[in-house]
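Asker: Sending over a structure as structure tokens; questions will come in a sec.
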């Protein structure tokens, strides 16, 4: 995959050290690369060459990976297995895992700053990246998730957690793609909403798969069950959760198909592929 | 101080949450604000109004504060006291402290992206920020510091740790100030070297004060002694360390005074103030 090659090159350009090795260990562990792919699909749908989005594709995957490393820490979800391998703090140590996360987050912005696109677009995209990943976005979601573990009791409250924790970083690639394709603010906002719907679909699917698959099949430990977490499945039941997931995917696809000036077929077929994933 | 007001406003604009409260707790605890002040002194020395550097001044202090929060964590230096108050993970909890650091680091880039300066300068300054704070800069220094705790045995090796751990984030404000003042690459590199010299002076001073002052005087716990850390004082002795510190401060000042087109008196008097600090 294009993104894997790019990430590998980026990591080779980073000073070799224990923290660099830990960053590389987690970053090149072969994730699904959903966020970079969504970004590439967005610029392609607008008729641009995917190369224009390379730096932001890398930045998104670095931010996603940092969030996984920190989420897995003992003080957070305390997970041992990720992408079929020991989590970063298990493979290295806790201090190195904290630093690897910090390093990837910072390196994401460094990488984004290397983009050769229109300067105004670059700054706007970096702002979107920080906004969606930070304390008004993903970090807020992670905070709500930790805090509300004990007292999320209804679907609406859980939906809010997912909105920030998962939705924001799935909206970011769609928004960034639209900015790179020189779309107006209103269109960028529309893509944000589409990303939120897609993020919710994705998270409900994750919850649903967590109860149906073994850790070996998923390649990660099922900490939700161990931590007695409230999920869409525990709140709605397996049947309803599955129906909701399909509704949300359909809604996302419908939103994409009615986006003006956007050739949607390739992105839609990619989203159907995600919908039918087994891990 | 100007920077305190700006940071307060920035935190008010952030979504209220437990993580936002933890970010604010650590950010508004009244540090020395050395990095923002160095940035303001740089732009002023070039004849610019300090307002042009506000967003980057905030970003630098946010990055500095995030690094302190993560350094203080149990898996790192395990410190209880910072700026005269319980450390972030003591006041809140470990998970919240990890997220508060992540939040501040991300919010730093968000804040930087709001700058209204020349777009090319903004992107260059964000690149410097990420470079100096990331896995080729401060994060590398922190990694070397953790890793080499057991086997740094000579001054040269320790100097390398300080170069990355302290020097990089003291060079960043000088470099960013020079970019905002439209200086050429060579001049920006000169400022980087000046920052490295100043960072080393500052760190040796820190080591020296750590053995002379009580935690109550310093407002932070003396984890170096507890962790049996090798410092410039344990390697060189108190007398030599103090002489070295004064030499390094003098060298920094001499470098600043011979910078072309730069009115140095205000910055030099600020640096002498740092040199004479007691905590």
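Protein chains in written order, with the numbering used here: chain U, 51 to 329; chain R, 51 to 329.
We put the CB at the ideal spot given by N, CA and C, even for glycine.
1. What's the gap between the Cα of residue 113 of chain R and the Cα of residue 298 of chain U?
2. Could you have a look at residue 131 of chain R and say whether DSSP puts it in helix, strand or coil?
3. Would you kindly work out how many angstroms separate the C-alpha atoms of residue 223 of chain U and residue 171 of chain U, rounded to a whole number?
4. Residues of chain R with CB under 7 Å from residue 153 of chain U, in chain order?
5. With a threshold of 16 other CB atoms inside 10 Å of the CB of residue 81 of chain U, please say whether the residue is buried or exposed.
6. Can you confirm whether residue 65 of chain R, when its beta carbon is compared against all beta carbons of chain U, has any partner nearer than 8 Å?
7. Between the stretch 141-153 of chain R and the stretch 213-229 of chain R, are three or more C-beta pairs nearer than 8 Å?
8. What are the residues in the stretch 301-316 of chain R lying within 9 Å of chain C by C-beta distance?
9. Closer than 8 Å by C-beta to residue 124 of chain U: which residues in its own chain qualify, once you throw out the five before and the five after it? Chain order, please.
10. Which runs of the beta strand (DSSP E) fall wholly inside the stretch 62-150 of chain U and span at least 3 residues, in chain order?
11. Taking residue 51 of chain R as the reference, give the member of R:98, R:108, R:257 with the closest Cα.
12. Any beta carbon from chain R within less than 8 Å of residue 75 of chain U's own beta carbon?
13. Quick check: the stretch 82-100 of chain U against the stretch 89-107 of chain R, are there 3 or more CB pairs under 8 Å?
14. Determine the chain R residues that contact residue 170 of chain U at a beta-carbon separation under 8 Å, and present them in chain order.
15. Quick one: give me the first and last residue of the alpha helix (DSSP H) that residue 329 of chain R is part of.
16. Classify residue 295 of chain U as helix, strand or coil using the three-state DSSP reduction.
17. For residue 192 of chain R versus residue 122 of chain R, is the C-beta distance shorter than 8 Å?
18. Mapping DSSP to helix, strand and coil, what is residue 312 of chain U?
19. Tell me the rounded alpha-carbon separation between residue 286 of chain R and residue 301 of chain R.
20. What whole-angstrom Cβ distance do residue 210 of chain R and residue 194 of chain R have, given they're in contact under 8 Å?
21. Hey, residue 77 of chain R and residue 115 of chain R are a contact pair by Cβ (cut 8 Å); roughly how many whole angstroms apart?
22. According to a CB-to-CB cut-off of less than 9 Å, which residues of the stretch 134-151 of chain U neighbour chain R?
23. Can you list, in chain order, the residues of its chain with a C-beta nearer than 6 Å to that of residue 294 of chain U? Leave out the 5 residues immediately preceding and following it.
24. Can a CB atom of chain U be found closer than 8 Å to the CB of residue 279 of chain R?
25. Under a three-way DSSP split, which group does residue 263 of chain R fall into?
26. What residue does the alpha helix (DSSP H) around residue 206 of chain R start on, and which one ends it?
27. Run through DSSP, which three-state label would residue 49 of chain R get?
28. Please confirm if residue 159 of chain R has its CB atom under 8 Å from at least one CB of chain U.
29. If you compare alpha carbons, which of R:152, R:70, R:126, R:252 is closest to residue 117 of chain U?
30. In its own chain, which residues sit with a C-beta less than 7 Å from the C-beta of residue 251 of chain U, not counting the 5 before and 5 after it?
31. Which whole-angstrom value describes the C-beta separation of residue 161 of chain U and residue 185 of chain R, a residue pair presumed to lie in contact below a C-beta threshold of 8 Å?
32. Given a limit of 9 Å on CB to CB distance, which residues of the stretch 111-125 of chain U reach chain R?
33. Please confirm whether residue 65 of chain U and residue 190 of chain R have their CB atoms less than 8 Å apart.
34. Residue 173 of chain R versus chain U: which residues are under 7 Å apart at the beta carbon?
35. Whose CA, out of R:306, R:137, R:101, R:282, lies closest to the CA of residue 242 of chain R?
36. So, is the C-beta of residue 70 of chain U closer than 8 Å to a C-beta in chain R?
Answerer: Here's the rundown:
1. 38 Å
2. strand
3. 14 Å
4. 184, 185, 189
5. buried
6. yes
7. no
8. Absent from the structure is chain C; the protein chains it does hold are U and R.
9. 139, 144
10. none
11. R:108
12. no
13. no
14. 169
15. Run containing residue 329 of chain R: none; DSSP gives neither H nor E here.
16. helix
17. no
18. coil
19. 19 Å
20. 7 Å
21. 5 Å
22. 139, 143, 144, 145, 146, 147, 148, 149, 150, 151
23. 254
24. no
25. coil
26. 205-212
27. A query on residue 49 of chain R cannot be resolved here, the shown segment of chain R reaching from 51 to 329 and no further.
28. yes
29. R:152
30. 295, 298, 299, 302
31. About 11 Å separates the two Cβ atoms, so there is no contact after all.
32. 113, 116, 117, 120, 123, 124, 125
33. yes
34. 163, 169, 172, 173
35. R:306
36. yes
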